[in-house]
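Just below is one structure, and these are the notes that go with it.
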Amino acid sequence: MNVAMVKRLILKDWYLQRVPIIGSLIAGALALSVILFGGKPGFILGLILLVTVLIGVGAQLAVATMVFERKEQTLPFVMSLPISYKEYTASKILGNLIIFLILWLALLGGSFGVLAISPDKPFGLIPFVAIMATEILVSTCLIYTVALITEHQGWAIGAIITGNLALNGIGYYVAHIGSIAKGMEGHSIQWSPAASTILAAEFLIIVLMLGLTFLFQSRKKDFI
Amino acid sequence: MHSDLVISQSDGRPMYLQIMEQIKQRVAVGEWARGDEIPSIRQLAVALRVSVITVKRAYLELEREGVIVTQHGKGSMVAPDPDLSPRLYEQELAEHIDQAARLGTLLGLRTEELTSRLKRAAQRLIKEHV
Amino acid sequence: MNSISVRFEGVSKHYPHFTLDNIGFELPTGSILGFIGPNGAGKSTTIRILMGLIHQDQGAVHVLGRSMPAEQAAAKMDIGFVSEDMRLYAAATVGWHMEFIQSIYPRWDQSYAASLLQRFDLKPQQRIRGLSHGQRVKAALLLALARRPRLLVLDEPTTGLDPVARQEVLGELMAVLADEERTILFSSHNTLDVEQISDQIVFIDRGRIIDADDKESFLDRWRRLRLVLSQDAVLPRFSGIVDVAGSGLLPVLTTNCFEPRMISECQEMGATVQAVDTMTLEEIFVANVQSRRGGKLV
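Those sequence lines, one after another, are chains A, B and C. For the first sequence, the numbering used here begins at 12 and goes up steadily by one. For the second sequence, the numbering used here begins at 2 and goes up steadily by one. For the third sequence, the numbering used here begins at 519 and goes up steadily by one.
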């Protein structure tokens with residue numbers, strides 16, 4: 012794996028997508044400050060804003076960098092560079108993931124931060140927040156997997172919609188799991204086995220999806 | 002120097018013959034003097050925008066005819082004693098005469114008629130040049 | 519140093535509606551190979567396999583001594599590629615692309631790039647989006663040429679260019695060949711370009727190589743014989759007659775293995791040879807394809 016080439020490809024994509032990237036980072040910073048300093052109404056508002064920016068830019072960036080190379084016919088140009096599918100796939104995943112994680116960590120940090128400074132000390136919410144935040148990460152990785160393997164706008168949009176629906180569905184489901192629901196009201200962090208299992212499963216799914224992506228890419232016989 | 006050669010795309014003859022003829026002309030009029038270095042095959046190909054293989058063929062034929070000499074590793078140059086004049090247009094003349102004979106037969110001309118026509122054409126040419 | 523820059527052996531690729539079948543050829547270092555074929559013949563597919571963009575189903579491909587597609591990353595370090603269906607990034611500028619390429623390839627020649635910019639009439643600040651088709655082709659060529667790659671692979675490099683731009687491009691391609699360690703492979707259905715600068719020519723039609731030879735041999739082998747038959751003469755038959763056209767008494771034979779003795783043979787059989795015409799590569803190309811599709815030649 013040619014790390015120097017991966018880095019150049021990532022920087023290339025960031026340059027070409029600099030407007031949405033910078034826009035999302037600014038919006039993310041704004042949302043974070045609203046969360047931290049906006050009091051109770053600010054928390055909800057800022058959170059919604061941040062999640063929207065996160066999901067929105069995650070999807071937009073993925074489609075722009077992974078699907079449009081084929082659509083805009085720049086794929087032959089990129090693949091004529093001294094790289095193989097490995098560098099291409101790695102650069103697309105990392106390029107997207109790094110930006111995403113910056114915003115995601117802001118979300119996580121903001122949420123935990125507010126919980127920490129809140130006088131109620133609603134630490135019981137932490138497992139739920141962790142699970143939901145990780146769920147957002149899972150659905151974004153799903154978009155990456157589908158977008159890279161299919162290079163098809165329709166399938167990518169399908170993955171985006173599926174991810175969003177899953178987010179709502181899983182959110183509802185997890186909030187009603189007995190052991191987790193009980194702990195949400197409390198003032199201490201209670202990692203029930205159910206919560207730990209779910210969290211572990213989410214990370215496992217992420218690793219599997221990314222691994223699957225590389226496997227599929229290695230088997231591709233037609234790169235254009 | 003070598004950009005003086007001008008290749009015509011619409012000339013029906015093979016390109017290597019055009020190249021040969023123009024080189025022989027340059028030698029005949031003295032622009033490329035005996036013993037002078039001439040462009041390498043690749044240099045001429047690049048200057049003329051013509052395949053290397055075509056220039057190579059032209060050079061091989063020219064060497065065979067004694068017009069140029071190629072020394073391995075040193076390049077090519079005009080032969081010290083280029084045997085030019087008879088061969089310059091010899092082959093072309095032979096081809097044209099064959100062609101005239103064929104056409105004459107087609108037209109049903111007798112040999113004497115053909116020869117007298119040739120005489121008249123040659124005489125016309127002399128008159129024009131006077 | 520390799521004396522063969524590109525080698526294809528028994529390469530095949532199967533698609534639902536098209537098969538590339540048993541492609542084999544060699545390209546010696548320091549020469550230019552021109553691929554000619556009708557649209558859909560398989561030129562682009564062959565070139566993509568050469569670049570590792572498509573993987574062959576069978577057969578071996580070696581480019582600059584490296585096996586494709588396994589060693590494609592290393593091979594592509596020395597290959598400059600421009601294809602007709604390739605696009606640069608519309609939102610970025612010519613200058614950005616130049617810097618991008620320069621950051622990747624150590625052999626980038628900035629002074630050469632600058633002179634190409636001038637000759638191709640391009641400016642670094644121009645956005646790709648605002649360029650005409652011809653300018654885009656020239657921009658892509660500039661990026662490939664300024665790196666001074668050992669092998670240039672071009673798919674339809676002059677298609678869509680005006681005659682002046684075409685000659686400029688052909689001139690730049692020939693300039694590459696001034697270095698005998700550098701090689702060019704290009705495909706075109708513009709036979710004039712192929713005829714002008716190619717050393718080797720390969721004909722492709724319907725996924726198969728139907729003829730391959732060096733340019734001079736091609737032009738030497740193909741002739742049109744215009745005959746005049748006397749009333750009782752029989753049409754001469756030799757091997758290598760690809761086509762018989764014209765009328766009964768004035769046949770025109772097209773042959774792909776001409777020898778001077780054919781003239782005397784014709785005359786012995788009672789046919790007068792009115793003319794022996796050379797053929798342009800375009801005429802050879804069309805005659806080749808038509809006769810094979812018509813089943814006259816195998």
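A virtual CB, placed ideally from N, CA and C, is assigned to each residue, including glycine.
Within 10 angstroms of the Cβ of Leu176 of chain A, are there 16 or more other Cβ atoms? Answer buried if so, exposed if not. So Leu176 of chain A counts as exposed.
For Leu92 of chain A and Ala822 of chain C, the rounded distance between their alpha carbons: Absent from the structure is residue 822 of chain C, since the part of chain C shown begins at 519 and ends at 816.
Could you pull the start and end residues of the beta strand (DSSP E) that Phe526 of chain C belongs to? Per DSSP, Phe526 of chain C belongs to the beta strand (DSSP E) from Ile522 to His532.
Checking the sheet assignment: what are the DSSP bridge partners for Gln718 of chain C? In DSSP, Gln718 of chain C forms a bridge with C:Leu551 and C:Asp732.
Starting from the C-beta of Phe54 of chain A, find all residues in its chain whose C-beta is less than 7 Å away, skip the five residues before and the five after it, and write them out in chain order. Same-chain partners within the cutoff: Ile46 and Val125.
Run the proximity test for Phe543 of chain C: is its beta-carbon closer than 7 Å to any non-hydrogen atom belonging to the ligand MN? The ligand MN is not among the ligands present in this structure, which contains no ligands whatsoever.
Can you tell me whether DSSP reads Glu129 of chain B as helix, strand or coil? In the structure shown, Glu129 of chain B sits in a helix (DSSP, three-state: H, G or I).
Can Thr537 of chain C and Gly725 of chain C be called in contact, C-beta distance under 8 Å? Yes, the Cβ-Cβ distance between Thr537 of chain C and Gly725 of chain C is below 8 Å.
If we call anything under 8 Å between Cβ atoms a contact, is Leu747 of chain C one with Gly788 of chain C? Contact: yes.
How would you call His187 of chain A, buried or exposed, if buried means at least 16 neighbouring beta carbons within 10 angstroms? A residue is called buried once 16 or more other Cβ atoms fall within 10 Å of its Cβ, and His187 of chain A, having fewer, is exposed.
With distances taken Cα to Cα, identify the nearest neighbour of Arg69 of chain A among A:Gly135, A:Ala167 and A:Ser44. Position check: residue 69 of chain A holds Gly in this sequence, whereas Arg was assumed. If we check each option's Cα against that of Gly69 of chain A, A:Ala167 comes out closest.
Run the CB neighbour count on Asp680 of chain C, radius 10 Å, all protein chains shown included, and call it buried at 16 or more, exposed below. With fewer than 16 other CB atoms across the displayed protein chains lying within 10 angstroms of its CB, Asp680 of chain C is exposed.
Using the three-state DSSP reduction, which class does Glu22 of chain B fall into: helix, strand or coil? Of the three classes helix, strand and coil, the one that applies to Glu22 of chain B here is helix, per DSSP.
Per the DSSP calculation, Val70 of chain B is bridged to which residue(s)? B:Met78.
Grouping DSSP H, G and I as helix and E and B as strand, with all else coil, what is Asp711 of chain C? Reduced to three states, the DSSP call for Asp711 of chain C is helix.
Measuring CB atoms only, is the segment 678-692 of chain C touching the segment 770-777 of chain C, in the sense that at least three cross pairs come out at less than 8 Å? Taking one beta carbon from each stretch, the segment 678-692 of chain C and the segment 770-777 of chain C have fewer than 3 pairs nearer than 8 Å; the two do not touch.
Hey, out of B:Glu93, B:Glu22 and B:Val79, whose CA is closest to Ser41 of chain B's CA? The option with the nearest alpha carbon to Ser41 of chain B is B:Val79.
When the Cβ atoms of the segment 655-670 of chain C are set against those of the segment 595-602 of chain C, are three or more pairs found closer than 8 Å? Yes, the segment 655-670 of chain C is in contact with the segment 595-602 of chain C.
Would you give the residue range spanned by the beta strand (DSSP E) that Gln643 of chain C belongs to? Gln643 of chain C -> no beta strand (DSSP E), and no H or E assigned at all.
Could one say the Cβ of Ala609 of chain C lies closer than 8 Å to chain B's Cβ atoms, at least one of them? Judged by the 8 Å Cβ criterion, Ala609 of chain C is not in contact with chain B.
Among the residues of its own chain, which have a CB less than 7 Å from the CB of Glu13 of chain A, if the five just before and after it don't count? The question names Glu, yet the displayed sequence has Asn at residue 13 of chain A. Result list for Asn13 of chain A: Ile94 and Glu98, in chain order.
Considering only C-alpha positions, which residue in the set B:Ile54, B:Glu62, B:Glu64 and B:Tyr60 is nearest to Gln718 of chain C? It is B:Ile54.
For Arg566 of chain C, count neighbouring C-beta atoms within 10 Å of its own C-beta (all shown protein chains included) and say buried if the count is 16 or more, exposed if not. Buried: at least 16 other Cβ atoms inside 10 Å.
Between Ile54 of chain B and chain C, is any beta-carbon pair separated by less than 8 Å? For Ile54 of chain B, the answer is yes, since a Cβ of chain C falls inside 8 Å of its Cβ.
Would you mind reading off the limits of the alpha helix (DSSP H) that contains His615 of chain C? DSSP places His615 of chain C in the uninterrupted alpha helix (DSSP H) bounded by Val612 to Ile622.
How should Val816 of chain C be labelled, buried or exposed, when 16 other C-beta atoms within 10 angstroms of its C-beta is the threshold for buried? In this prediction, Val816 of chain C has a pLDDT of 41, which is less than 50 and means its spatial position is unreliable; what the coordinates show is noted afterwards. Exposed.
Could you tell me whether the Cβ of Pro87 of chain A comes closer than 8 Å to any Cβ of chain C? Flagged as an interface residue toward chain C: Pro87 of chain A, by a C-beta distance shorter than 8 Å.
If we cut at 8 Å on Cβ distances, does Met519 of chain C have a partner in chain B? With a pLDDT of only 49 at Met519 of chain C, under 50, the local geometry of the prediction cannot be trusted, and the value read off the model is given with reservation. Chain B contact via Cβ: absent.
Give the C-beta separation of Ser706 of chain C and Gly552 of chain C to the nearest angstrom, bearing in mind that I take them to be a contact with Cβ-Cβ under 8 Å. For a cut-off of 8 Å, the C-beta gap from Ser706 of chain C to Gly552 of chain C is around 6 Å, short enough to register as a contact.
Segments of 3+ residues assigned as beta strand (DSSP E) that fall wholly inside the segment 622-710 of chain C: Whole beta strand (DSSP E) segments, 3+ residues: 669-673 and 701-706.
Please report the straight-line C-alpha distance between Asn774 of chain C and Trp25 of chain A, rounded to a whole angstrom. Answer to the nearest angstrom: the Cα atoms are 57 Å apart.
Whose C-beta lies closer than 7 Å to the C-beta of Asn107 of chain A among residues of the same chain, with five residues either side of it excluded? Excluding sequence neighbours, Asn107 of chain A sits near Leu72, Ala73, Thr76 and Tyr155.
Beta strand (DSSP E) containing Glu544 of chain C: first to last residue? Unbroken beta strand (DSSP E) run through Glu544 of chain C: Thr537 to Pro546.
So which residues on chain C does Ala46 of chain B lean against when the C-beta distance must stay under 9 Å? Ordered by position in chain C, the residues that pass the 9 Å Cβ test against Ala46 of chain B are Met692, Leu695, Ala696 and Ile715.
Do you know how far the Cα of Ile759 of chain C is from the Cα of Glu786 of chain C? Taking the straight line from one Cα to the other gives about 17 Å.
In the DSSP output, which residue or residues are listed as bridge partners for Thr790 of chain C? Answer by DSSP bridge pairing, in chain order: C:Val746.
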